[in-house]
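Mapped onto UniProt numbering, the consecutive letters of the sequence shown carry residue numbers 1 to 644.
Beta carbons: idealized from backbone N, C-alpha and C, even for Gly.
All of these numbers come straight from a predicted model, not from anything done at the bench.
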Amino acid sequence: MILMQLNQLEKRFGAELILSNIKLEVQTNDRIAIVGRNGAGKSTLLKIMAGEMSYDSGEIFKPKDTSIGYLAQNTGLQSDESIWNEMEKVFDHLKGLEKEIRSMETKMADPDLLEDPTRYQQLLNEYDRKQESFKTAGGYQYEADIKAVLNGLNFHDFDWSTPINSLSGGQKTRLALGKLLLTKPDVLILDEPTNHLDIDTLSWLENYLSGYDGAVVIVSHDRYFLDKIVDTVYEIAFQSSKRYTGNYTDYLKRKEADFEVEMKHYEKQQKEIEKMEDFIAKNIVRATTSKRAQSRRKQLEKMDKLDKPKDDDKSASFSFQVAKKSGNDVLRLQDYGFRYPNASDYLFDNLRLDINRADSIALVGPNGVGKTTLLKTITDDLEASKGTKMIGTNVQIGYYDQEQTNLNSKKTVLNELWDDYPMKNEKDIRTVLGNFLFSGEDVLKPVSALSGGEKARLSLAKLMMQQANFLILDEPTNHLDLDSKEVLEAALVNYPGTLLFVSHDRYFINKIATQIVEMLPGETRKFLGDYDYYASKKQEEYELQQIEEAERLANEPASSEPTTKNSFEQDKEAKREERKRNRRIAEIEARIEELESQIEENDELLCDPEIYQDHERSLELTESNEQLNKELEALMEEWESLHE
């Protein structure tokens with residue numbers, strides 16, 4: 001079923017043409033990626049699809065009952081409510097319906113109503129209809145849905161009564177995403193939903209969207225994420241759209257193949273045209289060949305000439321070099337820890353890190369574990385609370401800050417770079433900026449007027465000029481479009497120095513890292529490989545741990561040492577509680593089935609004319625249903641609690 005169709009859509013901002021000839025179709029269960037360079041109009045297109053922005057010409061077809069959910073880029077949830085209450089607002093209609101059902105149950109118990117069989121039957125029919133609607137709409141499971149989404153978005157350690165206005169910007173963005181997911185629209189439109197998500201949360205979101213019962217349209221610069229989710233790619237380039245089937249990797253291969261074929265056809269036709277023009281020029285004035293030349297001229301005029309294939313090849317071009325080589329030992333951290341002033345607990349502790357020359361290390365771990373803080377203690381922007389730090393001989397550190405705090409918003413782009421290297425001439429500085437796509441009048445823009453992607457490129461230009469032999473990068477791919485990410489990857493792959501970086505971009509980690517360091521609050525662990533290797537080892541460890549635990553519990557000798565015995569007893573108790581919980585869940589599910597069956601049976605009896613004319617019997621059945629529904633509601637709450 002077609003949920004949305006765009007035909008010949010056009011959008012202008014003043015005289016500037018942003019989108020033209022946009023054709024796009026969204027069907028049920030589609031997983032669509034919108035890709036293109038920064039500034040191509042991707043976010044504008046999403047806003048138009050979501051009804052948030054007007055368009056100048058073209059058509060949008062959408063069935064009236066199709067619901068649209070839209071999450072803008074970096075949209076934070078603004079609310080004075082608590083986390084739980086705000087999420088629960090999504091289900092206000094169900095809570096209202098539940099109140100109506102309870103009110104109807106009270107009316108059905110009224111003896112006066114039983115004296116009017118017609119009114120009673122009407123009420124009973126309406127009651128059945130509303131109860132079925134409540135059940136079908138998820139009335140008995142919406143609380144479990146809220147808990148699942150909050151846990152998936154990494155709020156499992158939060159007090160859900162926390163006011164939203166006390167949270168960070170990234171946390172508010174995750175809650176905005178969570179609330180939208182709970183609404184379950186027919187078409188889910190997401191603009192950079194992976195911002196502010198750690199790797200575990202990204203994996204959860206991938207699984208959630210893969211099983212989403214509706215269509216999903218995504219703009220994202222996370223290639224790993226796109227490869228996992230999408231089955232259709234629309235590229236926005238030169239103001240128009242082109243459709244490709246498959247995931248992001250398939251799109252890249254198909255795009256390159258299509259370009260080569262189109263270029264061959266174009267070049268072949270150009271050779272034919274050149275031959276015909278040459279023949280016409282040589283033979284048009286000769287009497288014996290003039291007719292043939294005129295015929296060729298007519299043939300040339302009628303020819304359907306191919307346009308030269310467009311290649312949006314304006315890419316940044318740079319490489320990282322080192323001014324001098326460092327010693328083999330680059331960085332040693334031992335028993336390293338950090339806590340904020342007046343804080344009782346360490347943000348991280350017992351950290352050990354050994355980095356040698358030419359290592360390329362990705363630092364991964366959950367949000368909030370202190371990865372950025374660790375980098376800042378290495379660069380001396382913050383002071384560690386404990387432990388030792390040893391920086392090797394001739395080590396020169398170059399630091400990329402994801403917040404770009406090293407940029408002066410009052411300067412122009414040109415002066416931001418030139419002031420750091422005043423002995424360079426302006427031509428050389430402009431050449432460097434040109435390699436990072438700042439050309440002509442762009443270099444005279446104030447830094448404050450730059451987009452996130454432009455600030456990222458300017459920071460990378462400054463970093464390149466340092467020629468440092470130890471690069472420390474905090475989320476370097478944030479704000480970069482897909483093409484710029486690929487250029488950065490190529491530059492870092494060929495970098496002759498040492499790398500330590502934090503990134504949530506798993507594709508980028510796979511390309512760059514030769515080692516993964518997993519950072520947890522009380523320890524660090526090293527994995528010799530890329531991200532896929534790290535993920536597979538973590539899965540192997542988890543499975544092995546489950547097997548070993550099961551074997552240990554099965555083979556634990558009765559005469560073991562007291563400490564081991566205590567641990568064994570604790571494990572036995574935990575297993576016993578688990579079995580007890582599972583038995584209780586099974587009992588509840590069986591009882592719920594009995595209750596629902598009994599309620600249904602009572603409802604059928606109440607529809608019998610002989611029964612509802614018997615006022616005492618009708619009242620008895622109605623009161624019975626009321627008690628059964630109360631018990632059912634209590635059991636559902638207990639069932640959800642046990643599952644949590």
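Rounded distance between the beta-carbons of residue j and residue i, thought under 8 Å
i	j	result
residue 407	residue 445	Rounded, the Cβ-Cβ distance is 12 Å, inconsistent with contact.
residue 437	residue 417	In fact, because the Cβ distance is near 14 Å, the residues do not count as touching under 8 Å.
residue 635	residue 585	Not really, about 11 Å apart at Cβ, beyond 8 Å.
residue 515	residue 322	With 8 Å as the limit, residue 515 and residue 322 do not qualify as a contact, their Cβ atoms being about 20 Å apart.
residue 79	residue 2	At roughly 35 Å, the Cβ-Cβ gap does not stay under 8 Å, so residue 79 and residue 2 are not in contact.
residue 487	residue 317	7 Å
residue 474	residue 502	5 Å
Nearest-angstrom Cα separation, counted from residue j out to residue i
i	j	result
residue 393	residue 354	14 Å
residue 362	residue 55	44 Å
residue 11	residue 51	13 Å
residue 565	residue 525	Here the model assigns residue 565 a pLDDT of 43, short of 50, so the residue's position is not dependable and the matter cannot be decided.
residue 22	residue 49	11 Å
residue 140	residue 134	8 Å
residue 245	residue 226	13 Å
residue 457	residue 477	10 Å
residue 547	residue 556	14 Å
residue 179	residue 136	20 Å
residue 633	residue 626	11 Å
residue 20	residue 350	57 Å
residue 560	residue 156	Only weak support exists for where residue 560 lies, its pLDDT of 46 falling under 50; the coordinates are left without a value.
residue 188	residue 123	38 Å
residue 17	residue 237	12 Å
residue 228	residue 619	57 Å
residue 385	residue 419	35 Å
residue 58	residue 24	12 Å
residue 138	residue 184	12 Å
residue 563	residue 391	The predicted position of residue 563 is uncertain, since its pLDDT is 46 and thus under 50; a value taken from the coordinates is nonetheless stated next. Those two C-alpha atoms are separated by around 43 Å.
residue 262	residue 75	41 Å
residue 471	residue 528	19 Å
residue 631	residue 453	57 Å
residue 542	residue 504	22 Å
residue 230	residue 224	11 Å
residue 613	residue 115	8 Å
Where residue i falls: helix, strand or coil (DSSP)
i	result
residue 501	strand
residue 201	helix
residue 556	coil
residue 48	helix
residue 241	strand
residue 565	Here the model assigns residue 565 a pLDDT of 43, short of 50, so the residue's position is not dependable, and the following value carries that caveat. DSSP places residue 565 in helix when its eight states are reduced to three.
residue 40	coil
residue 141	coil
residue 470	strand
residue 420	coil
residue 215	strand
residue 19	strand
residue 321	coil
residue 208	helix
residue 409	coil
residue 597	helix
residue 508	helix
residue 275	helix
residue 27	strand
residue 590	helix
residue 87	helix
Closest residue to residue i among the options (Cα-Cα distance)
i	options	result
residue 522	545, 324, 352 and 482	352
residue 233	547, 635 and 35	35
residue 448	472, 405 and 481	405
residue 397	499, 342, 130 and 294	499
residue 296	338, 284 and 259	284
residue 440	414, 492 and 461	414
residue 462	400, 126 and 486	400
residue 610	88, 14, 304 and 118	118
Any non-hydrogen atom of the ligand GDP within 7 Å of residue i CB
i	result
residue 227	This structure lacks the ligand GDP, and indeed carries no ligand of any kind.
Minimum Cβ-Cβ distance from residue i to chain D less than 8 Å
i	result
residue 77	Looking for chain D here will not work: only one protein chain is present.
Check whether the segment 207-227 and the segment 30-50 are in contact - that is, three or more C-beta pairs closer than 8 Å.
yes
Quick check: the segment 356-371 against the segment 327-339, are there 3 or more CB pairs under 8 Å?
yes
Pair every Cβ in the segment 193-209 with every Cβ in the segment 168-177, then say whether three or more of these pairs are closer than 8 Å.
yes
At least 3 beta-carbon pairs within less than 8 Å: the segment 93-103 vs the segment 202-216
no
Can we say the segment 411-430 touches the segment 366-383, given the rule of at least three CB pairs closer than 8 Å?
no
Any 3 or more C-beta pairs closer than 8 Å across the segment 82-97 and the segment 54-68:
no
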